[in-house]
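First up is the structure itself, then whatever we jot down about it.
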Amino acid sequence: MGSTLRIGGLASGLDIDELVEKLMFAERAPLDKLEQQKQTYEWTRDAYRNVYTQLTTFDTYIADNLVLKSFLTKTSTSSNSSLVDATATGSASGTLTIEGVSQLAEAARATGSQVNAIGTTKLRDLLGENISQNYIEIRAIQKDGTIASTATKIEFTLDMTVDDFVNKINKSNAGVSAIFENGRMSITAKNTGDVKGSAEIVVESGQEIFQKFGFTLSGTDSKELANNGKNAIFQVNGIATERSSNTFSINGYNVTLKSTFNSIQTIAEKFNAAKAELNNARVNKNDKEQLYIDAQNSYYNGADTTKSYTAIHNTAYLNAFGNDTLSLSEQEVFNKLGSSFWKTITDAEINAIVGKTSVEEIKDSGLFDKLTDKQIEALIGLDEATINKFTEHAKYQVYGTKLKDFDANTITKIKSFSYDSDEELEDIRKRIDEELDVSDEVKTALKSLSKEDLTNLFAASEDTLSLYQRKAQADDLKSKYNALGDSFFNDLENDEITTIITIDFSQEDAISSIKDIDEDLYNKLKNLSPSQVTALASLSEDNLNKFKSLAEQNISRSDYLKAKSEYEAAETRLTNAQNTFNTALADAKNANIILGDGENATIDTNSDAYKNALTSDSVKITSTTNVDDIVSKIKDFVKTYNGLITQLNTLLKEKKNRDFPPLTDAQKKEMDDDEIEKWEAKAKTGLLRNDSILQSALSSMRALVYEANPAVSNSKYNTLYSIGITTSNSYTDGGTLTIDENKLRAALEDDPDAVAALFTNAAGKKDDTIIVNNEEKKVDTRGYLTKLREVLSNTKIKIEKKAGRSTMTENSYSLGKSLIEIKERIDVWKKKLESIENRYWKQFTALETAVSKYNSNASFFTPQN
């Protein structure tokens, strides 16, 4: 320690090392206590974290076994499993009656004509050397019965054999399978079904390759390879319907159609249903069309409907936020290309855009190969000034609202600041703090920037900085507008705007001051959040009036877009209804049960085919609850729950063994590893005795057992204790659960859905609104398990604040802060002890020197023999 010269008792004969060690042993007592306290903190932290792990394990158990899996287990029964089979999920309810199946789902298939090739034939020999491309692109029907929106690309080489090509197709994700036998290729969709209005296998690219294999492609663009897929058509519970697969889910049953039966009756029902739906779809489309026209006229009011935004809307936007921000139409173009594009655009690229009137003209430059046609289309008609505006906006976006406080005085001081880009970032930030005479807000904004962004900012001209500041203020206004929203501003009356300006928002509960003046306005403002009130308080009367004008335009456009979307959906519905009707009509004609033609056709119930049709009994599918399985599941849950409760109670009740404090380093040196392990096991007891976090958790968990759930329709079973699950009568058990199995079984047999809702109730809400005695009440309708998991989650959050996680820094949780503080005290004491030990050695060294001098003098006077 230090550089003190140490003399070990040669003159005095004293064992100075031992003397200093004993003196220091006494001096170390405060440090030992600090080290022991540090160890206690660490053990306590680890004990909390162990509880955190136990809670996480229990929560995962609940999720995996009782939430993600169906709580109820049900078994299904089919009255004729050779025709229709089914399995029941936990949500299966009621009886399904399948009255008939007229058609089973089939996959679309295309088969090419005979070609002069075998499996080992090289593609070069079949396709020729001059084939235009070495890939095909296919879209096929998906599991949900729709056609894939994106084609799958399958590449090949001319050196491949036909068999290699087939393997390539089969290993792709194109949704088709291929075989090649006896000189013919067949391609089949992997999924069954009929895509209304489209083929089930579409060749997007490479049609000539398929033609070489003998396929004939159809459709207006000669891309349809196979359009002969079929949907399953059946009647269930009196409703004629169809599915793209023979296996599907309905009312909690997984149904599999195995064979057709009662076909004529089902075809007739399907035709009648299709005809009715076609009429309904047409009426719906006409209704939606008029709403769409009205909404369009309201927003555009004679303006160009090909534009996304009207001039009036753009003007209202710029009036609200200033002319230095981009208009809505400009933002649309800007966003299609993205900030990076505009920030890095070159002069050559600008020249390739300006003055061009078509996508092809711009593409001819060869500078935009990475852009889509839609993106290039957005560039048409742009002039150089607009492009430069977009470039400045892209550069500004790096900074955003951080620059809103850059007034003229601030910009002048920034420009006079001696900025050196060769300096380290921390040195630059330090000089900004010490040398730049600007507001703290500006300093904070500057210090938050990266080195590159700071360099660019200080290099910018005063005019550019002024522009950025105006853009930042515009964005700040936008954030305030968005905080309150379109509806808020649109609903404000002019006199209400005048009243808002009179409110003194610096006063506590300022909104209440207008309650007696304007109750309607008070009702609009009273539920605003603190951040919304802050935003409102910062707005001027001019802001509010302009925001109201913008909100009117925003809502008008929103109404138009909604009406447009609904009209387009109505068009799609009508198209699907027409296709379904056409198929149903064709099926009815083939069955010889139709009278008339087209939409005027009707089912001919007097036809021989209809009257003489064979009939079979309907197939009934029912389900029963597997009570044994659910009881076993609940018993396992209770066992796991009780294990956790017991562990937590042990920690709460465990007494602190004060005879076994944490060992000091000196004590550990005197003990072997086994002795240390046994000592520390006793020293760690009672760390969480009477802990408030664990006590709160146990109290909340116990309360849930007796908490009624009003969402359970059968009030007989709306609490755990009402179905036989209660806390133990013994106080010493600490809230463990017991099960009256007979009572539980009776509840499950009587109303299994009520028991399931009590535990899970996926539709429940923490603050749900229900009607009780004609009055609305706010209640918690979540299932017991959801509420239990919330208790676990809240407890884990408290533990995290107290003891953190292994990945967290010590200053982010309370025990960690205590550890930081005690480590600092330990460091101070270590330095202090070093100083004390040096002092003792100096004192003993002085003693040695004095004794040595005395001995030297004494020897001078001693007679020599």
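Under our numbering, the first residue of the sequence shown carries the number 7, and numbering increases by one thereafter. Note that beta-carbon positions come from the ideal geometry of N, C-alpha and C, so glycine has one too.
Going by other Cβ atoms of all chains shown within 10 Å of its Cβ, with 16 needed for buried, is residue i buried or exposed?
i, result
"R476", "buried"
"A592", "exposed"
"R51", "buried"
"Y647", "buried"
"V90", "buried"
"Y566", "buried"
"Y474", "buried"
"K5", "Nothing can be reported for residue 5: it is not among the residues displayed for the chain, which extend from 7 to 871."
"S9", "Confidence is the limiting factor: at S9 the pLDDT is only 46, short of 50, which leaves the residue's position unreliable, though a coordinate-based value still follows. By the neighbour-count rule (16 or more Cβ atoms within 10 Å), S9 is not buried but exposed."
"F31", "exposed"
"P668", "buried"
"I826", "exposed"
"V834", "exposed"
"T331", "buried"
"L11", "Summary for L11: the model assigns pLDDT 49, below 50, so the residue's position carries little reliability; its value from the coordinates is reported in the next sentence. So L11 counts as exposed."
"L431", "exposed"
Please report the straight-line C-alpha distance between residue i and residue j, rounded to a whole angstrom.
i, j, result
"I842", "D426", "49 Å"
"T630", "D757", "11 Å"
"P36", "N724", "59 Å"
"M7", "E683", "Low confidence applies to M7: its pLDDT is 44, below 50, so where it sits in the model is not reliable, and the reading given next is rough at best. M7 and E683: Cα-Cα distance of roughly 32 Å."
"A557", "G491", "8 Å"
"V201", "S84", "30 Å"
"K149", "D446", "60 Å"
"I368", "I507", "52 Å"
"Q241", "E295", "32 Å"
"V209", "A116", "12 Å"
"R249", "N720", "35 Å"
"I438", "K449", "7 Å"
"G499", "E525", "The question names Gly, but residue 499 is Glu in the sequence shown. One C-alpha to the other measures close to 13 Å."
"T851", "E24", "14 Å"
"A180", "I142", "10 Å"
"L839", "T540", "55 Å"
"D759", "K521", "48 Å"
"V26", "A672", "16 Å"
"I359", "I137", "35 Å"
Across which residues does DSSP place residue i in a beta bridge pair?
i, result
"D91", "T262"
"Q241", "G106, A246"
"F186", "M191"
"I600", "I609"
"R115", "T194"
"K626", "T103"
"K128", "T167"
In the DSSP assignment, find the beta strand (DSSP E) that holds residue i and state where it starts and stops.
i, result
"L743", "743 to 745"
"E782", "781 to 785"
"I144", "141 to 146"
"S427", "S427 -> no beta strand (DSSP E), and no H or E assigned at all."
"L231", "230 to 232"
"K159", "158 to 161"
"S537", "From DSSP, S537 is part of no beta strand (DSSP E) but of the alpha helix (DSSP H) over 536 to 543."
"I153", "It is not in any beta strand (DSSP E) - I153 carries neither H nor E in the DSSP assignment."
"F254", "253 to 256"
"S82", "80 to 84"
Considering just the uninterrupted stretch of the alpha helix (DSSP H) at residue i, what are its terminal residues?
i, result
"T732", "That residue, T732, is in no alpha helix (DSSP H); its beta strand (DSSP E) goes 731 to 733."
"F464", "457 to 465"
"E502", "500 to 508"
"F267", "Note, F267: premise wrong, no alpha helix (DSSP H); not H, not E."
"E398", "390 to 402"
"V209", "Counting along the chain, V209 falls outside any alpha helix (DSSP H), though it belongs to the beta strand (DSSP E) covering 207 to 211."
"I803", "790 to 809"
Is it true that the CB of residue j sits closer than 8 Å to the CB of residue i?
i, j, result
"V644", "I731", "yes"
"L754", "V625", "no"
"T792", "F77", "no"
"T266", "A246", "no"
"T198", "N234", "no"
"S82", "A92", "yes"
"I160", "I175", "yes"
"L872", "N320", "What is shown of the chain runs 7 to 871, which leaves residue 872 out entirely."
Residue i: beta carbon under 7 Å from a heavy atom of the ligand PLP?
i, result
"G491", "As presented, the structure is devoid of all ligands, the ligand PLP included, so that no description of it is given."
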